[in-house]
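Presented below is the structure to which this report refers.
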Amino acid sequence: MSCEPWQCAEIATSKKANPIQKPEIAVAMIKKAQRPLLIVGSNATERYMEGKQLIEYLIDFATASKVPVVATAHMVGEFIKRGYQPAAFMNAMEIGQRVVDPTWQGLDGKGHPDLVIMVGMPYYMQSLILCGLKHFAPDLKTMTLDNLFHVHASWSFPNATLEDWAANLKVMTSKFNGGN
Amino acid sequence: MTTKNVNVKIDELKTNSGQIKNLELSIGKVINDNYTEEPMGPTPMPSITTLRDWDMKLLNKYKPFYMPDCDSCCLCTFGKCDLTAGKRGACGIDIATQSSRIVMLACAIGAACHTAHSRHLLHHLIEKYGRRYPLNVGGLNVKVEAPVCRLVTGIKPETLGDLDEILTYTEEQITQILAVGHTGQEGNNLDFESKAMHVGMVDHVGMEVGDIAQISTLGYPKADPEAPLVKLGIGSVDRTKPVIMCIGHNVVPSVGIIDYAKETKVDDKIEVVGLCCTAHDMTRYYDRARVVGPISWELRFVRAGLADVVVLDEQCIRTDIYDEAAKVNAPVIAASEKNCMGFKNRTNDSADEIVADLVSGKVKGVLILDPEKVGEVAVRVAQKVSPIRKRKSVLPSIEEITQIAKACTQCKSCQRNCPQDYAIPAAMKEAAKGNIALLEDLYETCIGCGRCEEACPQKIMIHSLIVKAGEKSMYAENNLCRSGRGQVSDVEIRNVGSPIVLGEIPGIVAIVGCSNYPKGGKDVYDIAREFASRRYIVALSGCSAMSAGSYRNSDGQTIYEEFSGAFEAGGVLNTGSCVSNAHIAGAAIKVANIFAKRPLRGNYEEIADYIHNRLGAVGLAWGAYSQKAAAIGAGFWRLGVPVIVGPHGSKYRRMLLGRKEDPENWMVYDARTGDKVNVGPAPEHLFNVAETKEECMVAIAKLCIRPNDTWKGRSIKLSHYVDLSKRYLGVMPNDLHLFVRTMADVPMTMKDEFAKILEANNWKETIIPDPTLLPRMVRKMKE
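Quick look at the structure:
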């Protein structure tokens, strides 16, 4: 698994993400977070693993982990169609702008998120938003659940096959469902 | 207004009071303002800080959200400096300031590009027609002939010579702005943002100058809603004739070609086709020219062997096009000083010699800076080369695709270098088995950049495979585009001013810019058609105007046949090329001036304030890629017009976003009383990305809402917003309570749904003010 940016010419960085070598590490970090937030982009219905759409894996994960979901683009309807109500829906830049504002009190008004997890946006766009968070919310931790390495995150899964991706997401979900 | 150089020399003068000897007096300019119908406003020819206060009002409302992409600055030899997360560079700059500096520089490059284009055009046209040649952009239908120029500079141009003075102003401003980008100059991000807006405003002036100069002199359609429908698409090109392909934006060499072909009576024996904005301007000059398509069609057209001669003018030209042309034995003529391509300058050689060298293949390309000579050489070479080349192509045969694809090792380098992250390896895998369907699918959405090939370690010509697989679709591209109409006439503005400002025409959607689309040009067609069907006014330009014309409805009509070309509810108008974008800003300005009778000359703030608060206009650059697009956008921002870009537009690295939940963001003065009133997030953002077409549809409808909407207009706008949200997002909007001022705003058929939402959000009725951000516009300020 490679820890180079997935889109080769897109990214220049001096502070690189730590690779998540095992899904258990991601789970531990999410469990440690007090106020995690999961932002899901439009590729959630474009990516397929083992005959299932990414969004279905994410619904399982979000349900098990109880991490509130922000759906960007037109994903809100896709979640609802599948019986899952995201905590919020908004434009990707709008949520990015709120997250870099230290006075923002989160979706529920009870406090700023301490971990932002992103998945499923067009790669370059997600990368740019992560870069914005890295620079302007330096105390915030960020993580990606894609199978594409995101250098601007705090932690990112390395570039991986669809099979490995599916396996990682399933392991993460199982750990929140009481698995060891 | 005129300018003159005055030189007075007195060798000897004797009067009763004294004697003068050898007096020499030189005055650079005498400004003779004969235009007395309208007094000059407060800010003619603004400097880079004159409108700073206005910019800061906008920037306070729409705060920058930076996504720097690059963590360091490498613009000077102090660096590279790491600016990550609060660090400052050797010059003291931080990442927000550096990011805004990059935005400003991008806008300056774009403005320089348009202005330099206009300068070249103007030089050429003045040389040909004289400084006193009168401007005419629409005859009696257009009295406000140059709304942007008048607004910004205060000058009412009447002749080509008058435009010279205006361009001198724009050139000075661009130079000032470029100077600001130097190391150790501006140190505040918001000031950089203000300067980006300044150069964007100047860009619209430069564009307007170029377009009204060419409209006036070259016989283009003049504010004509029924400008001719012209052929569009690769399939529209008659491949039995010699084909001259012109690429770029500056029509001058193409005019030389068309004129020579007509003079020598071979115009019906050759095909003159254009790609990118030059194509639009060629068809405005000569409606038998063909529009091949947007910039992304460049490689496919050349590689398919369809061009016998390639003529390059300026902007948005692949810098390796001469290599591509050489592979298919097509000679190249570079015709712009800005783009010499390394060719020998043959401007002063005889046409016979140049033709002989190009036809024999002794040279692959030449630089010719005389447009008439370009015309002669291109036409003669095309006629001679065509039977020799015999449409030589570098595309493989269908059978060869399978063999070539077998060399693919599935390393995924192509996908990792594809801007769209397309699953090219999967398509190659299938092609190796003899199934080219996936490659064929890629043809429809590929932007033709060729990065996949550059990355392939096996040197597979992936783009050529895609083009061959999509060949059937390529030759089926035979559509219609309306030739660029130029300005919106004063009459049209009078007809629609009231329904636009009152909100009864729900909005103006300007779909402009390049073809760096996330999923192909069909999205542009879908968006344009959706809003035209809803009786919005849809104004198009540039490559977007081509993409919109490239699809047909179920009755077989293109969008230009299905909808009228007028600036009216449900109209779909093509203003023309890149420089014609100024007419879209011009239409907004004209509404303020002609309909609302706001003074125009040098009165920028008041007009922008009017447009921002009253005119439901939105710009969409779905495939914006260039610095020019950034400059065009910046010009709209300063006018207070929100702009949406497609996902690739996030690479401009900075958005200007409002926060709808923050009431302080949305306070305006009621000009009647001076009271501060919360008008809600209207418009919510000044610059934002839409991630998908579906999201974009909803965002457009929402961003057309303005504080000044009447209850009837607001009700219409909300019904579109709700309907589009339900259809494309699958939900009711979650912010409707912020847009309802009185129950009369609620669409009749949605009363029950709204009632629940309003109750849940503790909604309270508010007033509809006479909105302004400018205290000086308040008629009666409260004590």
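Chains as they are written, first to last, in the working numbering: chain R, 187 to 366; chain A, 9 to 791.
All C-beta atoms in this analysis are idealised placements derived from N, C-alpha and C, irrespective of residue type, glycine included.
Just to confirm, are residue i and residue j a CB contact at a threshold of 8 angstroms?
i, j, result
"residue 579 of chain A", "residue 571 of chain A", "yes"
"residue 200 of chain A", "residue 279 of chain R", "no"
"residue 217 of chain A", "residue 174 of chain A", "yes"
"residue 493 of chain A", "residue 231 of chain A", "yes"
"residue 470 of chain A", "residue 457 of chain A", "no"
"residue 468 of chain A", "residue 416 of chain A", "yes"
"residue 176 of chain A", "residue 141 of chain A", "no"
"residue 293 of chain A", "residue 227 of chain A", "yes"
"residue 624 of chain A", "residue 708 of chain A", "no"
"residue 311 of chain A", "residue 402 of chain A", "yes"
"residue 343 of chain R", "residue 331 of chain R", "yes"
"residue 291 of chain A", "residue 213 of chain A", "no"
"residue 126 of chain A", "residue 215 of chain A", "yes"
"residue 599 of chain A", "residue 711 of chain A", "no"
"residue 549 of chain A", "residue 503 of chain A", "no"
"residue 263 of chain R", "residue 737 of chain A", "yes"
Candidates the options: which alpha carbon is nearest residue i's?
i, options, result
"residue 77 of chain A", "R:336, R:349 and R:364", "R:336"
"residue 306 of chain A", "A:519, A:454 and A:718", "A:454"
"residue 222 of chain A", "A:118, A:690, A:129 and A:432", "A:129"
"residue 405 of chain A", "A:350, A:477 and A:386", "A:477"
"residue 424 of chain A", "R:352, R:351, R:239 and R:345", "R:345"
"residue 533 of chain A", "A:760, A:372 and A:556", "A:556"
"residue 94 of chain A", "R:241, R:213 and R:318", "R:318"
"residue 243 of chain A", "A:703, A:723 and A:480", "A:480"
"residue 265 of chain A", "A:368, A:750 and A:380", "A:380"
"residue 148 of chain A", "A:657, A:729 and A:499", "A:499"
"residue 215 of chain R", "R:328, R:322 and R:350", "R:328"
"residue 254 of chain A", "A:329, A:224, A:202 and A:180", "A:329"
"residue 364 of chain R", "R:303, R:210 and R:189", "R:210"
"residue 758 of chain A", "A:622, A:727 and A:193", "A:727"
Using a 10 Å radius around the Cβ and a threshold of 16 neighbouring Cβ atoms, would you call residue i buried or exposed?
i, result
"residue 591 of chain A", "buried"
"residue 302 of chain A", "buried"
"residue 507 of chain A", "buried"
"residue 716 of chain A", "buried"
"residue 466 of chain A", "exposed"
"residue 234 of chain A", "exposed"
"residue 36 of chain A", "Confidence is the limiting factor: at residue 36 of chain A the pLDDT is only 47, short of 50, which leaves the residue's position unreliable, though a coordinate-based value still follows. By the neighbour-count rule (16 or more Cβ atoms within 10 Å), residue 36 of chain A is not buried but exposed."
"residue 38 of chain A", "Residue placement at residue 38 of chain A is flagged as unreliable, the pLDDT there being 48, under the threshold of 50; the coordinate-derived value follows with that caveat. Label assigned to residue 38 of chain A: exposed."
"residue 353 of chain A", "exposed"
"residue 634 of chain A", "buried"
"residue 131 of chain A", "exposed"
"residue 756 of chain A", "exposed"
"residue 788 of chain A", "exposed"
"residue 495 of chain A", "buried"
"residue 631 of chain A", "buried"
"residue 12 of chain A", "Note that residue 12 of chain A scores a pLDDT of 48, beneath 50, so its modelled location is shaky and nothing firm can be said."
So residue i contacts chain R; which residues on that side make the cut at Cβ distance below 8 angstroms?
i, result
"residue 737 of chain A", "260, 262, 263 and 275"
"residue 96 of chain A", "Near residue 96 of chain A there are no residues of chain R at all, since even the closest Cβ is about 12 angstroms away, more than 8 angstroms."
List, in order along the chain, the chain R residues whose C-beta lies closer than 9 angstroms to that of residue i?
i, result
"residue 747 of chain A", "Here the premise fails: no neighbours, minimum Cβ distance about 16 angstroms."
"residue 696 of chain A", "277, 279 and 280"
"residue 271 of chain A", "Going along chain R, no residue has its Cβ under 9 angstroms from residue 271 of chain A, so there is no contact; the nearest lies around 48 angstroms."
Under 7 angstroms between beta-carbons, which chain A residues line up against residue i? List them in chain order, please.
i, result
"residue 199 of chain R", "79"
"residue 283 of chain R", "73 and 665"
"residue 267 of chain R", "738"
"residue 317 of chain R", "75, 76 and 77"
Would you mind telling me which residues of chain A sit closer than 8 angstroms to residue i, beta carbon to beta carbon, in chain order?
i, result
"residue 356 of chain R", "What residue 356 of chain R touches in chain A: nothing, since even the nearest Cβ is about 23 angstroms away."
For residue i, return the contacting residues in chain A, with the cut-off set at a CB-CB distance below 9 angstroms.
i, result
"residue 271 of chain R", "Near residue 271 of chain R there are no residues of chain A at all, since even the closest Cβ is about 10 angstroms away, more than 9 angstroms."
Residues of chain R with CB closer than 7 angstroms to the CB of residue i, please, in chain order.
i, result
"residue 90 of chain A", "200"
Original post:
Can we say the segment 310-321 of chain A touches the segment 383-402 of chain A, given the rule of at least three CB pairs closer than 8 angstroms?
Top reply: yes
**OP:** Flag this pair as touching only if the segment 239-257 of chain R and the segment 346-358 of chain R have three or more C-beta atom pairs under 8 angstroms; answer yes or no.
**Re:** yes
Original post:
Are the segment 640-654 of chain A and the segment 292-299 of chain R in contact at 8 angstroms, needing three or more beta carbon pairs?
Top reply: no
Original post:
Touching or not, the segment 279-289 of chain A and the segment 336-354 of chain A, by the rule of three or more beta carbon pairs under 8 angstroms?
Top reply: no
Original post:
Should the segment 662-675 of chain A be regarded as contacting the segment 532-550 of chain A, the criterion being three or more beta carbon pairs within less than 8 angstroms?
Top reply: no
Original post:
Do the segment 689-697 of chain A and the segment 510-527 of chain A make contact, defined as three or more Cβ pairs closer than 8 angstroms?
Top reply: no
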